[in-house]
Amino acid sequence: MQSQQPASSLVPFEQAARTAALKSALAQPGAAPFHLRAVISDQKNHDPQWDAEVEEWWSSPTRYKRVFHCARFSQTLIVDGSKVQETDSGAVFPELLRNLTVELTNPIPRLDELAALHLSVMPPDGTPGQIVTRYKIPTTDGAGAIGSMDASVAIDRKTGLMVYGGNLDWDVALHDFAPFHGLQVPRRLTAQTQGGPRLTAQMTLLEDLSSSDAGLIRVTKPTPAARQLRVVVVPEPELRKLAFDNPAPDWPDMAESSPSGAITMRVVVDRSGQVQSIDNFFPNKPALQAVAEKQLLGWRFRPYLDRGAPVQVISTLTFSYPVRNASH
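Be aware that the sequence shown starts at 49, since it is given in my numbering, and climbs by one per residue.
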């Protein structure tokens, strides 16, 4: 927890986070071209559905090739300036795996989310410890139910490196830093949902991009924008307007001190409108967890259109639920 500091010594939260992230981000303007390989696995339950492989050839932010493969989804993405070539197999890029794939080269993908918080923090000062900024992501169903999700970002006070952080559409902890062309690059990344899998992305190769490998970054058949897989964070009230098969959850009785409560979960909806995953769970309320997962995976939405094309959606679902008073 950070101590109280004079206002004059504080800096904008997003500025501190950006400075920390750029110490480790491989995919930033002016960075050295690289070739990377990594494997992702579930270190908690060893569930093979989370086994994945990532390989990337990167020349610049506008010129790279990335190949991703897991049992449920594969993608080959080539970006060369304004031209994009993309081949996908599978209905949805699993969000936990997508997060780590992006964070291998860009630890904080959404600095705009942090800027919107309008927070100030102390900058690293070379002393031991961490600068931890905790905040809540407010959620609402648009009809009275109000909830929130906890989030935080930690920066090493001595080195200025990012330690961990997350928001609605990204989450990562960084480990095993090693130098690469002036950067301190984490060779191991982890991510975990409450009650869900604990995933580890381990870099198995990080080297300079050779001239022969640079030739792989070539678009031969551009993919129309409408067929490219894009992921968009959508406010919950907007998503709910598209629901057409969404029976209210039938909550079990809960022995609690208050007569009602609210829960929020992160949801991923594919381009056809089918709920694909519920990534935040409720370990203190296993009965609610089971009900939410079973019932909400059956919800259907009309496809969410962005720039005229259906996209993969990340959003929240917030619910009020009745509970049985413990004194009854």
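Here a beta-carbon is modelled for each residue, glycine too, at the ideal position from N, C-alpha and C. Small disclaimer: the values here were computed from a predicted structure and weren't measured.
- Message: So, at 7 Å on beta carbons, what are the nonlocal neighbours of glutamine 97 in its own chain, with the 5 sequence-adjacent residues on each side left out?
- Response: Counting from 1 along the sequence shown, the entry for residue 97 is found at position 49. Contacts found: Ala119, Arg120.
| Stretch-stretch touch, CB-based, cutoff 8 Å, three pairs: the region 72-81 with the region 224-241 | The region 72-81 vs the region 224-241: in contact.
Worksheet item: What residue from Ser260, Asp204, His117, Val316 has the CA that sits closest to valine 280's CA?
Response: Translated into the one-based positions of the sequence shown, residue 280 becomes position 232. It is Val316.
* **Residues that glutamate 103 bridges to, as DSSP identifies them** => Sequence index remark: in the sequence shown, residue 103 carries index 55 (1-based). BP columns for glutamate 103 point to Arg85, Val115.
*the region 134-151 / the region 180-200 touching (three or more Cβ pairs under 8 Å)*: no
- Query: By Cβ distance below 6 Å, which residues in the same chain neighbour valine 267 in space, the five residues on each side in sequence not counted?
  - Reply: Translated into positions along the sequence shown, residue 267 becomes position 219. For valine 267, where only same-chain residues beyond five positions count, the Cβ hits under 6 Å are Ile126, Asp128, Lys131, Gln133.
Looking at the strands, I want to know which residues DSSP matches up with glycine 214. Here residue 214 refers to the residue found at position 166 of the sequence shown. Asp219, per the DSSP bridge assignment.
Nonlocal neighbours in the same chain, by C-beta distance under 6 Å from glutamate 341, ignoring five residues either side: On the sequence shown, residue 341 is found 293 positions in, with the first residue counted as 1. The residues are Ile326.
Margin query: Quick check on this structure: which residue in Gln76, Thr366, Met197, Asp354 has the alpha carbon closest to the alpha carbon of glutamine 276?
Written below: In the sequence shown, residue 276 corresponds to position 228, counting from 1. When each option's Cα is compared against that of glutamine 276, the closest is Asp354.
Can you tell me whether aspartate 160 is buried or exposed? The criterion is at least 16 other CB atoms within 10 Å of its CB, across all chains shown.
Position 112 of the sequence shown, counted from the start, is the residue given in the question as residue 160. With fewer than 16 Cβ atoms within 10 Å of its Cβ, aspartate 160 is classed as exposed.
task: Determine the extent of the alpha helix (DSSP H) in which alanine 193 is found, giving its start and end residues.
output: Start at 1 with the first residue of the sequence shown, and residue 193 comes out as number 145. Unbroken run through alanine 193: none, as it is neither H nor E.
Exercise. Thinking C-alpha only, which one of Pro358, Ala80, Leu58, Asp90 is nearest tyrosine 172?
Worked result: Here the question's residue 172 lines up with position 124 in the sequence shown. First, the amino acid is wrong: residue 172 is proline here, not tyrosine. Here the closest residue by C-alpha is Leu58.
Express the C-alpha separation of tryptophan 105 and arginine 246 in angstroms, rounding to a whole number. Position 198 of the sequence shown, counted from the first residue, corresponds to residue 246. Position 57 of the sequence shown, counted from the first residue, corresponds to residue 105. Looking at the two C-alpha atoms, the distance is approximately 27 Å.
Exposed or buried, leucine 345, counting other C-beta atoms within 10 Å across all chains shown (16 or more means buried)? Along the sequence shown, read from residue 1 onward, the residue named residue 345 stands at position 297. It is exposed - the Cβ of leucine 345 has fewer than 16 other Cβ atoms within 10 Å.
* valine 150 - containing alpha helix (DSSP H), residue span -> Within the sequence shown, numbered from 1, the residue matching residue 150 stands at position 102. Residue range 143-151 is occupied by the alpha helix (DSSP H) that includes valine 150.
> Just to confirm, are glutamate 16 and tryptophan 218 a CB contact at a threshold of 8 Å?
Replying inline: Nothing about residue 16 can be reported from this structure: the residues present for the chain run from 49 to 376 only.
### Task
Might you give, ordered along the chain, the residues of its own chain that have their beta carbon closer than 6 Å to the beta carbon of valine 115, omitting 5 neighbours on each side?
As a working mapping, residue 115 is identified with position 67 in the sequence shown. So the qualifying residues of the chain are Glu103, Thr124.
Q. Terminal residues of the continuous beta strand (DSSP E) containing leucine 209?
A. As a position in the sequence shown, residue 209 is number 161, starting the count at 1. Run containing leucine 209: none; DSSP gives neither H nor E here.
TODO: Return the first residue and the last residue of the beta strand (DSSP E) that leucine 237 is part of.
DONE: Here residue 237 corresponds to residue number 189 of the sequence shown, with the count starting at 1. Counting along the chain, the beta strand (DSSP E) containing leucine 237 begins and ends at 231-240.
**Request:** For aspartate 90, write down the residues that DSSP places opposite it in a beta bridge.
**Result:** Residue numbering aside, residue 90 sits at position 42 when the sequence shown is read from its first letter. Bridge partners of aspartate 90: Leu247.
Assuming contact is defined by CB atoms lying nearer than 8 Å, are serine 368 and alanine 193 in contact in what I supplied?
Your numbering for residue 368 matches position 320 in the sequence shown. Your numbering for residue 193 matches position 145 in the sequence shown. Yes, these two residues count as a Cβ contact at 8 Å.
- Message: Taking the straight line between their C-alpha atoms, what separation do you get for phenylalanine 349 and aspartate 90?
- Response: As a position in the sequence shown, residue 349 is number 301, starting the count at 1. As a position in the sequence shown, residue 90 is number 42, starting the count at 1. Using only the alpha carbons, I get a separation of about 30 Å.
Give me the DSSP bridge partner(s) of arginine 348. Stepping through the sequence shown from its first residue, residue 348 is reached at position 300. Bridge partners of arginine 348: Asp293, Gln322.
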